[in-house]
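Below is one structure, written out as structure tokens; comments come after it.
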Amino acid sequence: MTNAKELLTDEMIHQIEEAARTENRRPAEVLQDAVRQYLERRSWVEFVSRNEQRAREMGLTEEDVPRLVEEYRRENRERSR
102 MTNAKELLTD EMIHQIEEAA RTENRRPAEV LQDAVRQYLE RRSWVEFVSR
152 NEQRAREMGL TEEDVPRLVE EYRRENRERS R
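Mind the numbering: the sequence shown is residues 102 to 182 in the working numbering, read in order.
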């Protein structure tokens with residue numbers, strides 16, 4: 102794996118170290134949190150993209166959403182009776 106100093110500018114390293122010092126944490130923890138957040142955000146973006154494509158393929162639009170939500174809720178209420 103590549104060394105962090107090869108990937109980050111001196112300014113970024115300084116900011117990470119300062120953030121870690123301010124939060125009483127290790128720089129590695131700050132970096133781990135940043136990577137974890139990036140991966141979660143990336144996963145969410147991919148999820149949304151896949152489902153937007155699926156909705157387009159099904160011919161659904163944003164205007165359909167309130168109706169579909171109401172249908173879903175009604176079906177759940179009927180099932181729980």
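Virtual Cβ for every residue (Gly too), placed ideally from N, Cα, C.
Small disclaimer: the values here were computed from a predicted structure and weren't measured.
query	result
N- and C-terminal bounds of the alpha helix (DSSP H) containing Asn177	166-180
8 Å Cβ cutoff met for Ile117 and Leu140	no
Alpha-carbon to alpha-carbon, Gln138 and Val168	Note on residue identity: the sequence assigns Arg, not Val, to residue 168. The alpha-carbon atoms of Arg168 and Gln138 are separated by roughly 33 Å.
Limits of the unbroken alpha helix (DSSP H) element including Arg155	128-159
As assigned by DSSP and simplified to three states, the class of Glu124	coil
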